[in-house]
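J.:
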Amino acid sequence: MTDIVVKTVEELKDAPEEYREAVSKLVISHAINELYGAQVFDEPAIAYAPTPYAKWLTCRVAMEEYGHHVRFKQLGAQMGIPEERMIPGTGKKPLSIFEFPLKTWEEFVAIKLLADLAEILQVEDLLHCTFHPLRNLARATMPEERFHAQFGEDFSAELVKTPEGKARLQAAVNEYYPYLPSFFGGSKSRNNEIFRKWKIKQRTNDEMRQDYVKRATEVAAKYGLTLPGIRQAA
Amino acid sequence: MNMMLPWALLDPLRAEVRSGSWFAALGEPLTEGDLNDASAYLAALGFGSLEIGLARDWPEAERLLKTPDGTLSWWDREEALRRSLLAAAEARYPERALWSSLTELTTEAGDLAHGKAATAAARMGEAAAASIHVAAGAASQAVYQLALARLADQPASPFESKFRLYAAGRWPLGIMGSRLVLF
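So the protein lines, in turn, are chains A and B.
First residue of the first sequence: 15, per my numbering; consecutive thereafter.
First residue of the second sequence: 795, per my numbering; consecutive thereafter.
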């Protein structure tokens, strides 16, 4: 482990190059994934929401996700990262889940229930980050991510009240869940090794994945849902 | 293509958002100004003359929004209009500048409206926690819609009068049956 604390973006200029590159990779990754999520899932879901209440709640969730992208992009800009590196379609390959456009309201509920839980774990791991601007951003983002996961729980509770709704939700879980554990990256990730070396992140990808599977299983069980088998991380 | 960046064009709207009385008049008796703006909204959206109703508290507003009486044709008309305005705006401005300016405006408006909705809910009581998010979503959607109308240079859009209702402290809940309900 290497002890370093970077309290401001200004101080980052004096940090070792490996540290600066690692922090930049994380900021770029979060900026892109937040934007992908908002574009591919949250914004299209507004049309599928069944009532004005659900539609406007989904509007707010979508705008918060876009807002997360804006915050990460603003931090990246302060760090000197070119804007085009923080926007999808400009080099970084998207996560596989983003290749499956949303088709139903139940799919969106399943994504909020399970994919946003994965997002919570990612943000949790930054709450003690040695780069304090990123740590602070994670802390600002966390309550909204928790609300989004709660959104998934609340609408899951509604859907499972009828056998038809529960079957549709289970089908959506079956379709999307297998892609989620790979969200945490490879078991032998060199990036993760560097993140932990500098205490930018705290846990290995496998530790986070195991925790995620445990928590996803628990939350699914609350609503009488089961999780299908998972795909192995690359 | 208009090379004037959308940020500059949206500055007046940003100022209107900041000075709005978001959610300050929820449940209060309707004024003549509210009724005029509501009627203008209905006419511009093509619904003609409908009764204007009032939701008096958060539980009533929540019930109406969760179980709307009738179709969501008003929502669908707004959406069709939004899409046409977006296409017009996309034809006028560089894509990334347009997208960034709208995202930054609605992010700021959403955060502001969220705080105002939370204040209103705390003052009136009985609001579900999620309803504060719903109110903020509705308000920031109204800002986004009006931004598109301004960028597309469509001053007769229903989104002008809809925004004025929000700026006056109201929350238009939508057309429920044969009534436009304001909160």
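All C-beta atoms in this analysis are idealised placements derived from N, C-alpha and C, irrespective of residue type, glycine included.
Quick caveat, the model's predicted, so the values are computed rather than measured.
To the nearest angstrom, how far is it from the Cα of asparagine 207 of chain A to the Cα of asparagine 188 of chain A?
T.: For the sequence presented, residue 207 of chain A should be read as glutamate rather than asparagine. Those two C-alpha atoms are separated by around 32 Å.
J.: Does glutamate 826 of chain B come within less than 9 Å of chain A when only Cβ atoms are used?
T.: No - not a single Cβ of chain A is within 9 Å of the one on glutamate 826 of chain B.
J.: Against chain A, does glutamate 884 of chain B count as a neighbour if the rule is that its beta carbon must be under 9 Å from one of theirs?
T.: Not an interface residue.
J.: Going straight from the alpha carbon of alanine 247 of chain A to that of phenylalanine 198 of chain A, what length do you get?
T.: For alanine 247 of chain A, the predicted model reports a pLDDT of 46, less than 50, meaning its position is unreliable; a value from the coordinates is still stated below. Those two C-alpha atoms are separated by around 8 Å.
J.: State the Cα-Cα distance for the pair threonine 5 of chain A and glutamine 184 of chain A, rounded to the nearest angstrom.
T.: Past the edges of chain A, shown from 15 to 248, lies residue 5 of chain A, and the structure says nothing about it.
J.: Taking DSSP as the reference, what is the three-state secondary structure of isoleucine 95 of chain A?
T.: Coil, per DSSP.
J.: Among A:Ser201, A:Glu32, A:His44, which one has its Cα closest to the Cα of arginine 149 of chain A?
T.: If we check each option's Cα against that of arginine 149 of chain A, A:His44 comes out closest.
J.: Comparing C-alpha positions only, which one of B:Thr900, B:Gly931, B:Ser895 sits nearest to alanine 912 of chain B?
T.: For alanine 912 of chain B, the nearest C-alpha among the options comes from B:Gly931.
J.: Which parts of the segment 797-855 of chain B are runs of the alpha helix (DSSP H), unbroken and 4 residues or longer, counting only runs that do not cross its ends?
T.: Segments of the alpha helix (DSSP H) lying fully in the segment 797-855 of chain B: 800-813, 826-839.
J.: Given this structure, state the Cα-to-Cα distance separating phenylalanine 161 of chain A from isoleucine 846 of chain B, to the nearest angstrom.
T.: One C-alpha to the other measures close to 34 Å.
J.: What's the C-alpha gap between glycine 814 of chain B and alanine 91 of chain A?
T.: So the two alpha carbons sit approximately 30 Å from each other.
J.: Is there contact here, the segment 926-942 of chain B with the segment 799-817 of chain B, by at least three beta-carbon pairs under 8 Å?
T.: Verdict: yes, contact present.
J.: Is there a Cβ from chain A that is less than 9 Å from the Cβ of tryptophan 869 of chain B?
T.: Yes - at least one Cβ of chain A is within 9 Å of the one on tryptophan 869 of chain B.
J.: Does the beta carbon of threonine 72 of chain A sit closer than 9 Å to a beta carbon anywhere in chain B?
T.: Interface residue, yes.
J.: Taking its Cβ as the centre, do 16 or more other Cβ atoms sit within 10 Å of arginine 890 of chain B, making it buried, or is it exposed?
T.: Arginine 890 of chain B should be labelled exposed.
J.: DSSP on isoleucine 969 of chain B, reduced to helix/strand/coil?
T.: In the structure shown, isoleucine 969 of chain B sits in a strand (DSSP, three-state: E or B).
J.: For leucine 807 of chain B and glycine 81 of chain A, I'd like the C-alpha separation in whole angstroms.
T.: C-alpha separation (whole angstroms): 19 Å.
J.: Is the CB-CB distance between isoleucine 125 of chain A and alanine 186 of chain A below 9 Å?
T.: Yes, the pair counts as a contact, with Cβ atoms nearer than the cut-off.
J.: Report the option in A:Asn47, A:Lys236, A:Gly238, A:Tyr33 whose CA atom is closest to the CA atom of valine 137 of chain A.
T.: Ranking the options by Cα distance to valine 137 of chain A, first place goes to A:Asn47.
J.: Leaving out five residues before and five after aspartate 863 of chain B in sequence, what residues of the same chain have Cβ atoms less than 7 Å from its Cβ?
T.: Contacts found: Met970, Gly971.
J.: If you compare alpha carbons, which of A:Met93, A:Glu31, A:Phe86 is closest to alanine 154 of chain A?
T.: That would be A:Phe86, whose Cα lies nearest to the Cα of alanine 154 of chain A.
J.: Run down chain B in chain order and give the residues with a C-beta less than 8 Å from the C-beta of proline 157 of chain A.
T.: Ordered by position in chain B, no residue passes the 8 Å Cβ test against proline 157 of chain A, which lies about 11 Å from the chain.
J.: Please list, in chain order, all residues of the same chain as tyrosine 237 of chain A whose beta carbon is under 7 Å from its beta carbon, the five residues on each side excluded.
T.: Excluding sequence neighbours, tyrosine 237 of chain A sits near Ser170, Ala171, Val174.
J.: Quick check: what's the CA-CA separation for serine 38 of chain A versus alanine 883 of chain B?
T.: Straight-line Cα distance between these residues: approximately 33 Å.
J.: From the DSSP secondary-structure annotation, give me the bridge partner or partners of leucine 976 of chain B.
T.: According to DSSP, leucine 976 of chain B bridges with B:Leu848, B:Pro966.
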